[in-house]
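Student: Just so we're aligned, residue 1 is where the sequence shown starts under UniProt numbering, counting upward by one. C-beta: ideal position from N, C-alpha, C; glycine also. Got a structure for you, written out below as structure tokens; questions coming shortly.
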Amino acid sequence: MLSARNASEAAGVAVLGAGVVNPVAATLEGFSDALSNARARVGVLDGMPIPRGKALAGLVSDAAFDGPEKAFRMAHAAMAQAIDASGLDLSALDDVGVILATMGGESHAAEQCYATLDTSSAIDDAARAALGAYPNGVLLQRLCASFGVLGPRFVISNACASGNIAIGLALDFLRAGKCKAMIVVGVEVIKPSMIWGAERAGFIGTRLAPFHPDRDGAILGEGAAALVLAEPSLAGHAPALGWVDGFGSVCDRGAAPITLAEDGSGLYRAMQLALDDAMRGREQLDYVNAHAPGTRMIDAIECGAIARLRGIGEPVLVNSTKSITTHLAGAAAITEVIATLVQMRDGFVHGNAGLDRHDDALALRPVGTASVRHAFAFGLSNACGGGGLNTSVALSSAANGQPRRHAFAPRADAPLVITGSGAIAADGFCWRPVGEDGPRPAARLGEFDIYRHYPVESNYHYMNRAAQLAAASSADALRRAGIAPDALPCPDDRFAAIFGSCVGGSPEASRVMCDGLRTNPAAITPSMSLDHGIHLGAALVCRHFGLTGTTYTLTGSRRSGLQALEVAALSIRAERADAALVAGYDAWDPLEAALVPHLPGRAEPADAAGSLVLETAERAEARGARALARLLDVRTLSGRDAADGARPALAERLGHHLAQYTPDRVYLAAHEAGRYLPLLTRALDVCGHAPACLTLGDGLPDPRAALSMLAIDDAIARGATSAIVAPGADGTVLVAIVAATENAQ
């Protein structure tokens, strides 16, 4: 990445505020005290079956956070701390975004209902509320509404790497000038399915002991952490806690479900990318906050990667904040970035709680049990996740002063083209002019065989249905783009996989795990958890085709597919990737379908997936690939409006945006599109142009995150210039402008 930038210019964005809620502290200063004293706090699970006696967990026991909305309360508290510390007046800023990092969100309450759920009779209000809050996006929208945030918002669900990915994405949004400030927040709540799934996968141990020679697994915990990141021009609102200078992310070849490549090559490359992004040399690195969950293999792999990066025998201080907080899953990475910044600010490196003996088999010697006084101004914070993800964030001290403004990558305006597309949906999903009816499509595909797309030896039929649909449409898109397994048009690490799903395989995972917990916990197998991960769709494709680049899974929204396209375009323009596979997908689920009559406004879920290959026009031409269409623009628009159908401020902004492109047709990519017709009608009045308007109609099964991708596939087939407009109840609209190649300007 250094070659793409002026090496004399710094890359940092300011950290203006931070907040934490975790087992050892509920304030930043309390957290600093716990870190400096290496004071851990581990609780004991009760009120649930315990897998093989492994009852330890990091619990937030403060009564202020108890109840069915624990995730919201913890995340809200952490965000409030960070926003207060930042000095920013959010009511005066329209261009502030939020990125939530979580796997389970508020799903614990819904899973508690599963054991007694009787879909043949009425569901009480408590169960209805819990089930309605199941998608991660519900938690995100509540948080945005609570603080009056209007800008782009995303949920990242990439297991334990989610928080670092959220920070990396925020960094790119700020560098590109898409927002002036970004709030990143991670949260996770302990729940039985999480404990049992991780334990059966061999991840959970009996003691909190990262790096210890007798370590036998991680201790999971719960909590929340938040950061306010801002462009340097806003740094005067409050003293900066530090700077985020760079980010690196790669996927291991083979995409293992729970561990890392044994040679540590993925984590090594992620750390090197973060250093390059920060324009730093490895000789400047003297501190790493390690991922180090306490498993025998991962701790050893990471120590080896750090030692090779820094140089065997070269001094580097290494600790694991998990030795104090436990492993906070979706909240872990942001918590550990905050820990790194606090240590920089206060001039110490915290001890590794419980490390009373060193493991001589490790490639380096981490800090012992006692904290050490040490002034350092630069470091890395690592986070790894299921599916073979490796990430690293580069951080520097506030004492370094405000960096010079970062010059964004020179390809910021480079034309992007779509060279492959694939779509899977039941017959009858057809885009028609507004008001025109057609046959009702089936919710579930009559025939679907993953082995029409992948070899039988892949064993992909064991994986959750949503992941299979994503993998199938992605295989079609890649092959249409002329890309075969292990024959990528760019270096493996430069081919990104950005996927979006409303719920992915999580309903299937919850149902299978909760049924097992209710009937016979001892019979729960590793596959019940590993085969249903919400981020598994991308992992299947990466594993087969050899993609090892940036891998993100966005969740929680019907618009997650179009969000994935926005993120993919940004990743290419930011030079994190040369090409990207983008997918939007969701699947029919029997329990979800049975609940529809009991949940007002909920439609029957549908099997659907859409994928595309995005790359620069220059690269496509160089490899002789045919461009199916050009992506002229993709972005999130927002406006300060009351929640009425027309939303005049938002409609005006949308109308002016459409006027720049005068599309031949507009796809209203919204389930129950009639709800948003007043908004679109008003926008087109402002636009002064009268394109054909297409919808799927109302009252149909819901393709959710696949909806926008199905629209793009249809737009490519019809040619000309099309706008895909995806409004949401949150007051934002995602818009993509796609032009058939011969019409693209």
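Does the beta-carbon distance from ALA331 to GLY223 come in below 8 angstroms?
Tutor: Yes, the pair counts as a contact, with Cβ atoms nearer than the cut-off.
Student: Write down the C-beta distance between VAL666 and PRO691 rounded to the nearest angstrom, noting that I regard them as a contact closer than 8 angstroms.
Tutor: Correct: roughly 5 angstroms between the Cβ atoms.
Student: Let me check one thing: in DSSP terms, what residues is HIS327 bridge-paired to?
Tutor: In the DSSP output, where bridge partners are listed per residue, HIS327 has LEU220.
Student: Let me see if you follow: with CB-CB separation under 8 angstroms, is GLY697 close to chain D or not?
Tutor: Reference to chain D is not applicable here, since this structure consists of a single protein chain.
Student: Curious, which full-length alpha helix (DSSP H) runs of at least 4 residues does the region 263-338 contain?
Tutor: Whole alpha helix (DSSP H) segments, 4+ residues: 265-277, 296-310, 322-325.
Student: What does a CB cutoff of less than 7 angstroms around LEU317 pick up in its chain, not counting 5 residues either side in sequence?
Tutor: Cβ within range, chain order: ASP286, TYR287, VAL349, VAL367, HIS374.
Student: Within this structure, are the beta carbons of GLY168 and VAL393 separated by less than 8 angstroms?
Tutor: Cβ distance < 8 angstroms, so GLY168 and VAL393 count as in contact.
Student: Would ARG52 be called buried (16 or more neighbouring beta carbons within 10 Å of its own) or exposed?
Tutor: ARG52 should be labelled exposed.
Student: DSSP three-state call for PHE495: helix, strand or coil?
Tutor: Strand at PHE495.
Student: From the DSSP output, which residues share a beta bridge with ARG630?
Tutor: Per DSSP, VAL417, ALA739.
Student: Tell me the rounded alpha-carbon separation between LEU547 and GLY435.
Tutor: Going from the Cα of LEU547 to the Cα of GLY435 covers about 43 angstroms.
Student: Classify SER638 as helix, strand or coil using the three-state DSSP reduction.
Tutor: Strand at SER638.
Student: Could you have a look at ILE83 and say whether DSSP puts it in helix, strand or coil?
Tutor: ILE83: helix per DSSP, three-state reduction.
Student: With C-beta atoms as the reference, is PRO145 less than 8 angstroms away from ALA130?
Tutor: One detail in the question is off: residue 145 reads as Ala in this sequence, not Pro. Going by C-beta atoms, ALA145 is not nearer than 8 angstroms to ALA130.
Student: Run through DSSP, which three-state label would ASN22 get?
Tutor: ASN22 falls in the strand class under three-state DSSP.
Student: In this structure, does DSSP put MET1 in helix, strand or coil?
Tutor: Reliability fails at MET1, whose pLDDT of 40 lies under 50, so the model's placement of it is uncertain and the value that follows must be treated cautiously. Three-state DSSP puts MET1 in coil, outside helix and strand.
Student: Report the rounded CA-to-CA distance for PRO727 versus ARG142, giving the unit in angstroms.
Tutor: Near 17 angstroms, if we compare the C-alpha coordinates of ARG142 and PRO727.
Student: Does the separation of the CB atoms of HIS656 and VAL686 fall below 8 angstroms?
Tutor: Cβ distance < 8 angstroms, so HIS656 and VAL686 count as in contact.
Student: Three Cβ pairs or more, each shorter than 8 angstroms: is that satisfied between the region 49-64 and the region 260-269?
Tutor: Taking 8 angstroms as the limit for Cβ pairs, the verdict is that the region 260-269 does not touch the region 49-64.
Student: Would VAL155 and LEU229 be called neighbours here (beta carbons separated by less than 8 angstroms)?
Tutor: Taking 8 angstroms as the Cβ cut-off, VAL155 and LEU229 do not qualify as a contacting pair.
Student: Can you tell me whether ARG735 is buried or exposed, with buried defined as 16 or more other CB within 10 angstroms of its CB?
Tutor: Looking at the sequence provided, one finds Val at residue 735 rather than Arg. Label assigned to VAL735: buried.
Student: Our contact map puts GLY104 next to THR325 with C-beta atoms below 8 angstroms; I'd like the distance itself, whole angstroms only.
Tutor: With 8 angstroms as the limit, GLY104 and THR325 do not qualify as a contact, their Cβ atoms being about 17 angstroms apart.
Student: What's the call for HIS461, buried or exposed, on a 16-neighbour Cβ count within 10 Å?
Tutor: Looking at its Cβ environment, which holds fewer than 16 other Cβ atoms inside 10 Å, HIS461 is exposed.
Student: Can you check whether the CB of GLN81 is closer than 8 angstroms to the CB of ALA240?
Tutor: In this structure, GLN81 does not lie closer than 8 angstroms to ALA240 by Cβ.
Student: Confirm, please, whether the CB-CB distance from GLY533 to LEU150 is below 8 angstroms.
Tutor: Going by C-beta atoms, LEU150 is not nearer than 8 angstroms to GLY533.
Student: Can you check DSSP and say which residues form a bridge with GLY248?
Tutor: SER392.
Student: Considering only DSSP beta bridges, list what TRP243 is partnered with.
Tutor: In the DSSP output, where bridge partners are listed per residue, TRP243 has ALA14, SER396.
Student: Exposed or buried, what is ALA484 when buried is set at 16 or more other beta-carbons lying within 10 Å of its beta-carbon?
Tutor: Burial call: exposed.
Student: Among the candidates ALA166, ALA625, LEU355, whose CA atom is the shortest distance from the CA of ARG215?
Tutor: Per the Cα distances, LEU355.
Student: Compare the C-alpha of VAL96 against each of ASN319, MET182, GLY401 and name the closest.
Tutor: Here the closest residue by C-alpha is MET182.
Student: Within a Cβ cutoff of 8 angstroms, which residues of the same chain sit near residue 789, ignoring the five residues on either side of it in sequence?
Tutor: Absent from the structure is residue 789, since the part of the chain shown begins at 1 and ends at 745.
Student: What does CYS490 pair with, by DSSP beta-bridge criteria?
Tutor: CYS490 pairs with nothing; no bridge assigned.
Student: So, is ASN136 buried or exposed, given that buried needs 16 or more other C-beta atoms within 10 angstroms?
Tutor: Buried, because 16 or more other Cβ atoms sit within 10 Å of the Cβ of ASN136.
Student: Would you say GLY537 and SER501 are within 8 angstroms of each other, going by their C-beta atoms?
Tutor: Yes; because the gap between Cβ atoms is below 8 angstroms, this pair is in contact.
Student: What would DSSP say about ALA7, mapped onto helix, strand or coil?
Tutor: Annotation note: pLDDT 37 at ALA7 (below 50); position unreliable, coordinate value reported separately. The answer is coil: DSSP assigns ALA7 none of H, G, I, E or B.
Student: Identify every residue that forms a DSSP beta bridge with PHE211.
Tutor: Partner(s): none; PHE211 has no beta bridge.
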